[in-house]
Amino acid sequence: MKFNLSIVRDVMTIILLALLNHVESDVINLEGRGLHRLPDNVSPTAYELWLYPHLKLNNFTYEGRVIISLYVSAMTNSITLNADGLNIMEEKSEFRQGNNTIPIFLQELDEEKQFYTISLISRIGIGNYTLRLDFSGEIRDDLFGFYRSAVKDGSKTRWMGVTQFSPTFARAAFPCFDEPHLKANFQLHLGHYKDERVTSNTYPLVTTPTDIANYTLTTMLRTPKMSTYLFCWSIHNFEYDGLSNISFFGIWTRSSMNGKGNKALENGYKIYSSLQSWMNIGNPVNKVVHLAVPDFHFSAMENWGMITFRESALLHGENVTSTETIHKGLTTMAHEYAHTWFGNLVTPKFWTVAWLKEGFATYFAYIARSLVDPGLRSMDLFVVENLESALAEDSRKHLRTMNGKDVSDKNSSLSIMDFVPYKKGSSVIRMIAELMGNQSFQTAMRSYLKDRSYDYGTPSLLYDHLRRYPDGLVTPVDLGEVIESYANQPGYPLITLTRDYSSNSLTISQQRFYQNPNYGYRKNSTWWVPLSLTTQYGFDADVSGFGAIWLRKNQMTITINVGNISTGGWIICDRHKVGYYRVNYDPQNWNMLTEHLVSGGCDRINQVARATILDDAFNLARGDYINYSVPFRLARYLIDETEYEPWLAAINSFAFLNKNFQHLPVLRDSIQDYVRRLLVPIYQSLTFTASGPNSLRVKLFRQLILSTACAMGNEHCLNTANSLFEKWIKDPSERIDADMKSIVYCVGIRRGGEWERVFERFLREELHTEKEVLIGGLGCTNNSAFITRYLNFMMNDTAQLPKQYRLKIVESVLNGNPENVEYTLNYLSKNVRKIINIRGFPFLDKMIAAIADRITSLKNLQAFLSIIDNNASVLKPSEGKATKAIADIQANLLWIQKYSPIIEKVIKEIM
């Protein structure tokens, strides 16, 4: 992997390199590789598992035995299941039918496929069998499988053991059939010392002594039929808190955090109850226990009966934890509760269609929040937090689809748990729900869940139930075909409305949207696209209901007469932002929308439509579909905007421009000045100290506006934040408003204030939500020595830094100051081999991607290429990630070169 640096010495050469990439040869392709799937002639019906770990002795090993009840559906002479990194004691393996032992001829492990195959001396017929395997393994330290976590509890540090099996890591803990459709009952016998507690999917049944002093064996109740990835256990010294009179709903935390989860638990129960009522299907486990884990890879994991969480999602300090963190935590809890039905009760047949659980869980998280707190308007938040984020990610050049073709191994299974099943999946589900209407959609979902309970789901099985309830559709369509058009191809449509104002005709067309014009040839893809139209003089209602007008698959354009619905003025398509697409208009319609909003018509277009119009306009300009004068002229109306959603949509685009033009100070300052002027009225209405009780929406809005004001260089904001920081440094008891901490810490440290003292406070801090804010603040230094020290700290194994925050330190440094990109590149250059040896290639790949996302200058690209070139021999496993990163940087630099003079000119004209 050699890169000749001489070929990228000037910008013109970068242009040529980018032009060479102007083909539809997408970089990431997780599909079409060799498929490591188990044979389909054997399935488990029950597992009985004995485990004997020795965490207390700092002996990170365990012994185990598993007896698996099997059903063989076709004659065979071999049994294949999954195992990864286990030592299986071949001499103790047994295969039986009833009381008859069937001799084993050979046992083989395929390390690449993670298959363990038992070859029998003779063929066996259809029937029930049992397989016994004895094994030993290591309690891992990488946050997957059965792993250990250092628990800092006051002055003590102890070890806990916990599992993370999704998507394909159960096989790393015990031999099993590790595919989601292969469901079975599980019974666990877990060894532990008497002063340790154990939790699992179900309640303890009995505890018995063993031959080891003070070591006992706890047997758990048998689970319902479920997938292997949902099986779980933990060994710990935590304390339990439960809701009074609700015995099945509680939380386990380390003792120093006892009580910090009570508020989350109270709100969580309301959310869970609302979902159970909506689904109208009970939870067969009847146990919702939350386990707050110090070291945890994901935000949470929906293990049936024992949901594991990062501490920051559950444990919050009153007047200490920010509103944004609490809001995200509640949404995460709602997501995990929704998995009770979508994922646990009905499971995707394989990871290639993970949207059948993750898409539904994401969608119902927002539904549940709206049921519990209507004032939150969570379905409006869905648009700016989820849908617009999905559109941004799905507009890149990639081949990821909701219905994937295949997944080859555990690493690619993990890789596909990205925006596609979560954000895109939930957005398409929301579109379908709106098309059907609430009642029909709810009836279809209840029918699907009842029909597929304790079994697997597939897209076609889901479609069958959707098709049964068409009553709410404005226009009869096959909903399966509609979903397939989004699920079987990457990207999404750009809908363009072009009016002939003389004849009152409207032409509507579709094409695939790309966010960067340098991605090359724009392939003609088509979708089933439901539309609604709203006119200026019918703004209070859709003049055509959602789905009354359709662009059909393989239909590039349609032309309709709008004389009967439009008497002049603007037209808005999809004003509630229900469709999974972007919308472009002809220049005259853009002008009318702009004039309407700028002249004070803000309240005549709902806040979701305003957010959508802004988001579409900036992204259309970014993709070279319209001139940048359109969004910049449109956004002038923000000076009168008082709602959260439009501001968030606009600020996301302002942040993108601010990041990309950091190395062009004149243009960067012009953009910041433009944004500061828009912020003046709303900024002046807010303060750094909250006055009186406010709703969650108001608090989120306040945090957004004040943080943006400081980021855009508002001197009053910066000076106020710095003053609060100095007071806090002098007196740690000086309280900073929880929603202002991230601003105050960053501004104070960026201005050179007391990095070492803040770092010491970080080391002493036990509440993870506060640790997260301090991590972000510490990255705001521009002192190269402090940055090196901070990155070295990231390389250490210490209970003071939970494992999931290692990459967060890198990201905080990169986001802290423009010059920190160069410092991070220097660190990477000197420590590539060290990072690989200590953290491994997966961490290095993420670090490379994070750095690449911040490179906006030729100088930093050259440094990046030099690192790749000088370490080619050791970077072979990361070659694909590095190649993609280089291609992305090149495309972005080309974009910067093209658009910097255009945007500079636009801002001069409108300021």
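The sequence shown lines up with residues -25 to -1, 1 to 886 when you count with mature numbering (1 follows the signal peptide of the UniProt record, and there is no 0).
Glycine included, each C-beta is placed from N, C-alpha and C at the ideal position.
For residue i and residue j, what's the separation of their Cα atoms in angstroms?
{"i": "Gln414", "j": "Pro793", "result": "51 Å"}
{"i": "Leu163", "j": "Val347", "result": "36 Å"}
{"i": "Tyr438", "j": "Ala866", "result": "39 Å"}
{"i": "Pro142", "j": "Asn278", "result": "12 Å"}
{"i": "Gly73", "j": "Gly102", "result": "10 Å"}
{"i": "Arg405", "j": "Met411", "result": "10 Å"}
{"i": "Ile846", "j": "Asn801", "result": "The sequence given here places Asn at residue 846; Ile does not occur at that position. Cα to Cα, the separation comes out at about 14 Å."}
{"i": "Ala340", "j": "Ile282", "result": "15 Å"}
{"i": "Gly217", "j": "Phe768", "result": "37 Å"}
{"i": "Ile(-11)", "j": "Ile871", "result": "Note that Ile(-11) scores a pLDDT of 40, beneath 50, so its modelled location is shaky; the value from the coordinates is reported in the next line. Straight-line Cα distance between these residues: approximately 11 Å."}
{"i": "Asn33", "j": "Asp85", "result": "30 Å"}
{"i": "Phe90", "j": "Leu13", "result": "8 Å"}
{"i": "Leu742", "j": "Phe140", "result": "26 Å"}
{"i": "Thr55", "j": "Ala774", "result": "39 Å"}
{"i": "Ser209", "j": "Glu171", "result": "10 Å"}
{"i": "Leu836", "j": "Ile864", "result": "7 Å"}
{"i": "Asn559", "j": "Leu366", "result": "14 Å"}
{"i": "Lys324", "j": "Ile535", "result": "42 Å"}
{"i": "Asn378", "j": "Glu66", "result": "43 Å"}
{"i": "Tyr603", "j": "Tyr874", "result": "9 Å"}
{"i": "Ser645", "j": "Phe761", "result": "31 Å"}
{"i": "Val260", "j": "Gln486", "result": "47 Å"}
{"i": "Tyr467", "j": "Ser68", "result": "52 Å"}
{"i": "Arg98", "j": "Ser435", "result": "35 Å"}
{"i": "Thr191", "j": "Pro28", "result": "11 Å"}
{"i": "Asn812", "j": "Met822", "result": "14 Å"}
{"i": "Val573", "j": "Gly520", "result": "28 Å"}
{"i": "Gly688", "j": "Pro199", "result": "57 Å"}
{"i": "Trp545", "j": "Thr662", "result": "37 Å"}
{"i": "Ile93", "j": "Thr36", "result": "25 Å"}
{"i": "Ser484", "j": "Lys528", "result": "12 Å"}
{"i": "Tyr244", "j": "Pro668", "result": "23 Å"}
Contact defined as beta carbons within less than 8 Å: I believe residue i pairs with residue j. What is the distance between those atoms, to the nearest angstrom?
{"i": "Gly112", "j": "Arg123", "result": "Contact flag wrong, Cβ pair sits at about 12 Å."}
{"i": "Leu681", "j": "Ile718", "result": "6 Å"}
{"i": "Val17", "j": "Leu108", "result": "Between Leu108 and Val17 the Cβ distance is about 14 Å, and since that is not below 8 Å, they are no contact."}
{"i": "Trp330", "j": "Ser388", "result": "With 8 Å as the limit, Trp330 and Ser388 do not qualify as a contact, their Cβ atoms being about 14 Å apart."}
{"i": "Ala188", "j": "Leu250", "result": "So it is not a contact: roughly 46 Å between Cβ atoms."}
{"i": "Ile826", "j": "Phe818", "result": "13 Å between Cβ atoms; not a contact."}
{"i": "Tyr555", "j": "Tyr461", "result": "6 Å"}
{"i": "Gln678", "j": "Glu299", "result": "6 Å"}
Identify, in the order they occur along the chain, each residue of the same chain with its Cβ nearer than 7 Å to the Cβ of residue i, setting aside the five sequence neighbours on each side.
{"i": "Asn361", "result": "Thr337, Lys398, Ser401 and Ser402"}
{"i": "Val722", "result": "Cys685, Leu693, Ala696, Asn697 and Phe700"}
{"i": "Ala21", "result": "Ser44, Ala159 and Asn160"}
{"i": "Arg133", "result": "Val126 and Asn212"}
{"i": "Lys702", "result": "Glu709"}
{"i": "residue 887", "result": "Since the first residue of the chain shown is -25 and the last is 886, residue 887 is not available in this structure."}
{"i": "Ile711", "result": "Leu699, Trp703 and Val719"}
{"i": "Pro184", "result": "Thr191"}
Could you name the residues of the same chain whose beta carbon sits closer than 6 Å to that of residue i, not counting the 5 residues immediately before and after it, in chain order?
{"i": "Thr193", "result": "Leu165, Val173, Pro179 and Thr182"}
{"i": "Thr307", "result": "Ser274, Ala275 and Ala288"}
{"i": "Phe317", "result": "Lys332, Phe335 and Ala336"}
{"i": "residue 913", "result": "Any question about residue 913 goes unanswered here, given that the chain covers just -25 to 886."}
{"i": "Arg557", "result": "Leu469, Phe488 and Asp591"}
{"i": "Ile878", "result": "Tyr603"}
To which residues does DSSP link residue i through a beta bridge?
{"i": "Trp208", "result": "Ser175"}
{"i": "Asp128", "result": "Lys131"}
{"i": "Val358", "result": "Answer by DSSP bridge pairing: none, since Val358 is not bridged."}
{"i": "Asp109", "result": "Arg40"}
{"i": "Cys548", "result": "Leu508"}
{"i": "Ser698", "result": "DSSP lists no partner for Ser698."}
Taking CB distances under 8 Å as the criterion, tell me whether residue i reaches chain D.
{"i": "Ile226", "result": "Looking at the structure shown, chain D is missing, and only one protein chain is on hand."}
Spatial neighbours of residue i within its chain, please: C-beta separation below 8 Å, excluding the five flanking residues on both sides.
{"i": "Ile256", "result": "Trp316, Leu320, Arg421, Leu424, Lys425 and Ser428"}
{"i": "Asp820", "result": "Ser853 and Lys856"}
Next item on the list: Could you tell me which uninterrupted beta strand (DSSP E) segments, each at least 3 residues in length, are contained entirely in the stretch 787 to 850, listed from first to last along the chain?
Entry: None, since the stretch 787 to 850 contains no complete beta strand (DSSP E) of that length.
Next item on the list: Please specify which runs of the beta strand (DSSP E), each continuous and at least 3 residues long, are wholly inside the stretch 405 to 452, giving them in chain order.
Entry: Within the stretch 405 to 452, the complete beta strand (DSSP E) segments of 3 residues or longer fall at 430 to 432, listed in chain order.
Check: Can you list, in chain order, the stretches of the alpha helix (DSSP H) that have 4 or more residues and sit fully within the stretch 53 to 122?
Finding: none
Notebook entry, point to check: Which whole runs of the beta strand (DSSP E) in the stretch 313 to 383 are 3 residues long or more, in chain order?
Noted result: 321 to 323
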